[in-house]
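All remarks here apply to the structure that follows.
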Amino acid sequence: MPFISFEGIDGAGKSTHVQWLAAVLRAHQQTVITTREPGGTPLGETLRQLLLNDAMSADTELLLMFAARAEHLAQVIRPALQRGEWVLTDRFTDASYAYQCGGRGIQPHRLAVLEQWVQQGLQPDLTFLFDVEVDVAQQRLTAHHRPDRFEREQGDFFERVRTVYLQRAAAEPQRIRVVRTDRSIDAIRCELSELLRPLLPAKACE
Ligand code: ADP
Ligand code: TYD
475 MPFISFEGID
485 GAGKSTHVQW
495 LAAVLRAHQQ
505 TVITTREPGG
515 TPLGETLRQL
525 LLNDAMSADT
535 ELLLMFAARA
545 EHLAQVIRPA
555 LQRGEWVLTD
565 RFTDASYAYQ
575 CGGRGIQPHR
585 LAVLEQWVQQ
595 GLQPDLTFLF
605 DVEVDVAQQR
615 LTAHHRPDRF
625 EREQGDFFER
635 VRTVYLQRAA
645 AEPQRIRVVR
655 TDRSIDAIRC
665 ELSELLRPLL
675 PAKACE
């Protein structure tokens, strides 16, 4: 069954839709797991705490992201796909290109080596890129919680992250669908339902 990732700069609004989309799929009799990165396994959640809180070099950050991802693929994502379940993940490797390459300045060819090593060709079937202006996203974030190590970055960091996300969407338009989030949550949900329709088994669309 499909493997779907949710991406976007912090505060774009992606997490708002993950559980909702899972509920829509379950209403269509689909078996779905929801998960997130960094995280998704006990070891991955421990690495998440380090990544979100502790100072570290850009290389360390990238390697820990992929260590968590290797565990996530081995323990959660591949087994669920083999059982025939849908997998919805709040972030995956596009986030590493956007944050570690765009944000931190790591060369993409270095990341590509890790991607090939850890994923061995496995890619999401569909990626929703939740996109909004950086200042709108930042206002949404400050409204709701204490910022983590990434969320404390300045606007220009998020501009670079957003640029890489949009470049990746332009390069892979079939996989990465840009969803504008400067509108109501209901309007966004209508668009998500439409984008999902081709992936649902024919019976589920009736
Ligand atoms: P992300 O997972 O992309 O960091 P969230 O989904 O946690 O973002 O949303 C960040 C904040 O913005 C939350 O308080 C959420 O309720 C709010 N939010 C999400 N989508 C919208 C929207 N379309 N319009 C206004 N506020 C939104
Ligand atoms: P996220 O769970 O989306 O944070 P929140 O729920 O607070 O919005 O992601 C945590 C942070 O990790 C986010 O700022 C982006 C960052 N990140 C990377 O830098 N690289 C990656 O490969 C991943 C998966 C996340």
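Numbering of the sequence shown is given in our numbering, commencing with residue 475 and proceeding in unit increments. Backbone N, C-alpha and C define an ideal beta-carbon position, used for all residues, glycine too.
Anticipated Cβ contact below 8 Å, residue i with residue j, distance rounded
| i | j | result |
| --- | --- | --- |
| F690 | V492 | Outside the shown range of the chain (475 to 680) lies residue 690, about which nothing can therefore be said. |
| V652 | E665 | The Cβ separation is near 10 Å, so there is no contact. |
| A661 | I650 | Actually they are not in contact, since the Cβ atoms of A661 and I650 sit about 20 Å apart, beyond 8 Å. |
| L684 | E625 | Residue 684 lies beyond the residue range present for the chain, which begins at 475 and ends at 680; the question has no answer from this structure. |
| P634 | G576 | Per the sequence shown, the amino acid found at residue 634 is Arg instead of Pro. About 4 Å; that satisfies the 8 Å criterion. |
| E511 | A586 | About 18 Å; that fails the 8 Å criterion. |
| L562 | A496 | 6 Å |
| Y639 | L603 | 6 Å |
| R620 | W494 | So it is not a contact: roughly 25 Å between Cβ atoms. |
Residues bridged to residue i [DSSP beta-bridge criterion]
| i | result |
| --- | --- |
| D528 | According to DSSP, D528 bridges with nothing at all. |
| G482 | F604 |
| R663 | In the DSSP output, where bridge partners are listed per residue, R663 has none listed. |
| T509 | T563 |
| F706 | The first residue shown for the chain is 475 and the last is 680, placing residue 706 beyond what the model contains. |
| V652 | L603 |
Proximity of residue i and residue j at Cβ, strictly below 8 Å
| i | j | result |
| --- | --- | --- |
| W591 | M475 | no |
| T637 | A486 | no |
| D622 | L538 | no |
| A611 | I483 | yes |
| Q549 | T515 | yes |
| Q574 | E535 | yes |
| D609 | S489 | no |
| L673 | D599 | yes |
| I767 | A532 | Because residue 767 is not part of the residues shown, which for the chain are 475 to 680, the question remains open. |
| P582 | Y571 | yes |
Practice prompt. Only counting runs of 4 or more residues, tell me where the alpha helix (DSSP H) segments fall wholly within the region 600-649, in order along the chain.
Written response: 608-618 and 629-645
Worksheet item: Do the region 516-525 and the region 540-549 touch if we need at least three Cβ pairs shorter than 8 Å?
Response: yes
Fill in: Segments assigned alpha helix (DSSP H), at least 4 residues, entirely inside the region 576-602
582-593
Fill in: Cβ contact (3+ pairs, closer than 8 Å) linking the region 501-510 and the region 575-595
no
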